[in-house]
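Here's the structure we're looking at; comments come further down.
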Amino acid sequence: MDKPFIISFDNVDIWQEDSLVLAKVNFSLAPAEACYLIGKSGSGKTSFLKTVYASIPLTSGRATVAGFHLHELEEKNIPMLRRKIGMVFQDFILFDDWSVGRNLMYILEATGWKDRAQMTARVLQVLDMVGLNGYEKKPVTSLSGGEQQRVVIARALLNNPPVIIADEPTGNLDPETSDEILYLLNRLSREFSTSIIIATHDYRLIQKFPARVYKCENGSLVEVG
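Going by the numbering used here, the sequence shown opens with residue 6, and the numbers climb by one from there.
And the structure:
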């Protein structure tokens with residue numbers, strides 16, 4: 006990488022169709038660092054995250070994510086980049102009629118794992134990492150909202166990505182459960198050197214779990230804390 010950052014944006018303009026959403030974006034995130042992304046609905050948060058995930062192509066500036074240069078990224082290499090980014094969403098997007106373990110095994114199968122013993126061991130390992138030891142056979146529908154979000158985080162960790170994008174990860178959770186999820190994300194960041202971008206509307210969490218804060222506002226992305 007050009008700089009000692011896991012993510013680096015230098016004067017990047019982000020377009021959504023024919024509209025300039027964010028101009029001259031400068032952003033950096035170090036290995037094992039967490040940061041918050043805030044801003045009103047429609048301010049550009051999602052467009053920024055999509056750019057990190059290579060869902061929106063770069064048309065100006067330079068950007069590096071997990072060793073991939075987005076400004077010269079070939080389409081054939083996009084899947085390789087995305088394997089280095091774990092995604093955590095507000096809506097859990099789990100298969101409700103499957104068990105916890107089957108949900109996780111599906112991701113390993115889809116990303117090229119072949120050895121069933123290794124796959125099973127990895128599923129058990131990530132469930133233990135998020136505090137769900139022994140949950141592999143439980144139906145998803147039997148879990149609480151907080152437990153389902155832990156499964157989503159476990160899913161994001163399966164391929165040991167250096168980056169996790171958490172888009173409103175506590176949006177459907179009560180305050181106590183939200184605190185548990187943010188504590189978990191921060192612990193995983195520290196223990197496994199994972200960089201995390203947390204997009205949120207919950208300013209209470211930012212005060213409780215301090216980190217750098219970037220704000221999308223008036224067509225710009227600026228560091229505000």
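Heads up, the beta-carbon is just placed ideally off N, CA and C, and yes, glycines get one too.
Per DSSP, the bridge partner or partners of residue i
i: Leu27; result: Ile19
i: Leu42; result: Ala204, Tyr219
i: His74; result: Thr69
i: Leu34; result: Ile12
i: Ile231; result: Only positions 6 to 230 of the chain appear in this structure, which leaves residue 231 out of reach.
i: Ser104; result: Pro144
Residue-level contact to chain B via CB, residue i, 8 angstroms cutoff
i: Ala122; result: The structure shown has no chain B; it contains just one protein chain.
Secondary structure of residue i, DSSP reduced to three states
i: Ser147; result: helix
i: Phe53; result: helix
i: Val135; result: coil
i: Glu79; result: coil
i: Leu109; result: helix
i: Ala159; result: helix
i: Gln95; result: coil
i: Met6; result: With a pLDDT of 40 at Met6, under the threshold of 50, the modelled position of this residue cannot be trusted; read the value that follows with caution. Note: Met6 maps to coil in three-state DSSP.
i: Pro62; result: coil
i: Thr116; result: coil
i: Val229; result: coil
Beta-carbon gap between residue i and residue j smaller than 8 angstroms
i: Pro167; j: Pro36; result: yes
i: Val135; j: Ile170; result: no
i: Val145; j: Leu99; result: yes
i: Val128; j: Gly150; result: no
i: Lys55; j: Ala204; result: no
i: Gln153; j: Pro174; result: no
i: Phe14; j: Gly66; result: yes
Nearest-angstrom Cα separation, counted from residue j out to residue i
i: Glu114; j: Ile90; result: 17 angstroms
i: Tyr219; j: Leu27; result: 13 angstroms
i: Asp179; j: Ile186; result: 11 angstroms
i: Leu163; j: Ile201; result: 15 angstroms
i: Phe73; j: Ser60; result: 14 angstroms
i: Leu226; j: Tyr208; result: 17 angstroms
i: Ser198; j: Glu38; result: 8 angstroms
i: Glu181; j: Phe32; result: 31 angstroms
i: Leu148; j: Asp96; result: 14 angstroms
i: Val156; j: Ile112; result: 12 angstroms
i: Asp172; j: Lys29; result: 22 angstroms
i: Gly224; j: Leu25; result: 8 angstroms
i: Val70; j: Asp101; result: 32 angstroms
i: Val93; j: Arg192; result: 15 angstroms
Only counting runs of 3 or more residues, tell me where the beta strand (DSSP E) segments fall wholly within the segment 168 to 227, in order along the chain. 168 to 172, 200 to 204, 217 to 222
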